[in-house]
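What the sequence shown shows, in the working numbering, is residues 1 to 179, in sequence order. All C-beta atoms in this analysis are idealised placements derived from N, C-alpha and C, irrespective of residue type, glycine included. The structure appears right after this line, and notes come after that.
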Amino acid sequence: MTAEALISEADFKLSMRHLAGAVSVITVGDGQDRTGFTATSVSSLSAELPSVIVSVNRASSSWPALQQYGCFCVNVLAADQQQVAQSFAGLDGRKGAERYGDAGWYRLKTGAAALENALTVLDCKLETAFHYNSHAILVGHVCAIEIRQGIGPLLYWRGGYHQLPAEVDDSSLAKPLRQ
Numbered sequence: 001m002t003a004e005a006l007i008s009e010a011d012f013k014l015s016m017r018h019l020a021g022a023v024s025v026i027t028v029g030d031g032q033d034r035t036g037f038t039a040t041s042v043s044s045l046s047a048e049l050p051s052v053i054v055s056v057n058r059a060s061s062s063w064p065a066l067q068q069y070g071c072f073c074v075n076v077l078a079a080d081q082q083q084v085a086q087s088f089a090g091l092d093g094r095k096g097a098e099r100y101g102d103a104g105w106y107r108l109k110t111g112a113a114a115l116e117n118a119l120t121v122l123d124c125k126l127e128t129a130f131h132y133n134s135h136a137i138l139v140g141h142v143c144a145i146e147i148r149q150g151i152g153p154l155l156y157w158r159g160g161y162h163q164l165p166a167e168v169d170d171s172s173l174a175k176p177l178r179q
């Protein structure tokens with residue numbers, strides 16, 4: 001038996017819950033075809049050609065919409081937007097366009113929905129998608145950005161939502177390790 005086979009899916013998921021991550025809602029589609037999902041698997045890829053990577057389960061309702069529309073918006077949630085995260089995670093039973101009901105939305109360059117009062121929004125054109133097992137890794141070229149100041153992010157850690165204040169006292173931060 002290989003070392004890889006000894007790691008169970010449950011153990012891996014538990015381990016990944018120890019990674020604190022910013023909570024984002026990825027929006028895609030138009031009209032009644034709108035859908036989206038909550039993600040913590042968002043990361044910058046390149047500043048030279050502003051781009052991000054996002055992971056999506058190909059079994060989700062968002063995957064066909066991503067393929068059809070070829071664009072998406074990364075809405076990085078502010079500390080006061082937990083309800084939006086829960087709705088797009090499907091925790092309240094809503095699906096597709098119903099998930100957009102409790103918040104205000106507007107359009108940027110690609111036409112994907114941007115969340116009013118998000119911490120930041122990144123309007124993206126889908127450049128490519130790499131398939132890996134059940135998921136696709138999306139590479140999005142950032143076409144437009146909007147930033148909100150003065151509020152902290154919504155974080156997900158150990159299976160729950162947490163808030164970080166907008167202003168952090170530098171003296172309370174851990175000091176870097178020296179070699």
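query	result
Residue range of the beta strand (DSSP E) that VAL74 falls in?	71-76
Any chance the stretch 142-156 sits against the stretch 120-129, with 3 or more Cβ pairs inside 8 Å?	yes
Classify ASN133 as buried or exposed, calling it buried when 16 or more other Cβ atoms lie within 10 Å of its own Cβ.	exposed
Thinking SER55 and THR35 are a contact (beta carbons under 8 Å), I'd like their distance in whole angstroms, please.	At roughly 16 Å, the Cβ-Cβ gap does not stay under 8 Å, so SER55 and THR35 are not in contact.
Flag this pair as touching only if the stretch 67-84 and the stretch 12-27 have three or more C-beta atom pairs under 8 Å; answer yes or no.	yes
Looking at the unbroken alpha helix (DSSP H) that takes in LEU122, where does it start and where does it end?	First-last for LEU122: 120-132, but that is the beta strand (DSSP E), not the alpha helix (DSSP H).
In the DSSP assignment, find the alpha helix (DSSP H) that holds SER87 and state where it starts and stops.	82-88
Would you mind sorting ARG158 into buried or exposed? The rule is 16 or more other CB atoms within 10 Å of its CB.	exposed
From the DSSP output, which residues share a beta bridge with GLY159?	Its beta-bridge partners do not exist; DSSP assigns none.
What are the boundary residues of the alpha helix (DSSP H) that includes ALA10?	9-16
Classify TYR106 as buried or exposed, calling it buried when 16 or more other Cβ atoms lie within 10 Å of its own Cβ.	exposed
Given this structure, state the Cα-to-Cα distance separating GLY70 from PRO64, to the nearest angstrom.	10 Å
Rounded to whole angstroms, what is the Cα-Cα separation between GLY104 and ILE7?	42 Å
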